[in-house]
Amino acid sequence: MPVAIQCHDLRKTYDGKVEAVRGLNLEIETGECFGLLGPNGAGKTTTIEILEGLLEPTSGKVTILGHDW
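Going by my numbering, the first residue of the sequence shown is number 2, and it counts up by one from there.
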């Protein structure tokens, strides 16, 4: 199946100090279900907000259905 969502070296830093997401690489195929698991403060919500377009990553690339996000 084609890749629906792809992240390459995704990073999000707040105030230049707090690194919420560090070097995330992720591929989700069309029709695939996935979950993000981790302890409090691991960057799960930040990652989802980046994928939704609510936050911009500090660096890295997000592609959704072949289009840069």
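Backbone N, C-alpha and C fix where the C-beta goes; we use that ideal spot for every residue, glycine too.
Next item on the list: In the DSSP assignment, find the unbroken alpha helix (DSSP H) run with lysine 45 in it and report its ends.
Entry: As a position in the sequence shown, residue 45 is number 44, starting the count at 1. Where lysine 45 is concerned, the enclosing alpha helix (DSSP H) stretches over 45-53.
Notebook entry, point to check: Per the contact definition of three or more C-beta pairs closer than 8 Å, is the region 3-11 in contact with the region 52-69?
Noted result: Contact annotation: the region 52-69 touches the region 3-11, with at least three C-beta pairs closer than 8 Å.
Check: alanine 43 to serine 60, Cα distance in whole Å?
Finding: Looking up residue 43 in the sequence shown gives position 42. Looking up residue 60 in the sequence shown gives position 59. Between alanine 43 and serine 60, the alpha-carbon positions lie close to 17 Å from each other.
Notebook entry, point to check: Helix, strand or coil: which one does DSSP assign to glutamate 57?
Noted result: Taking the sequence shown and counting its residues from 1, one reaches residue 57 at position 56. Three-state result, glutamate 57: coil.
Item checked: lysine 18 in three-state terms, based on DSSP -> One-based indexing of the sequence shown puts residue 18 at position 17. Here lysine 18 carries a coil assignment [DSSP, helix/strand/coil].
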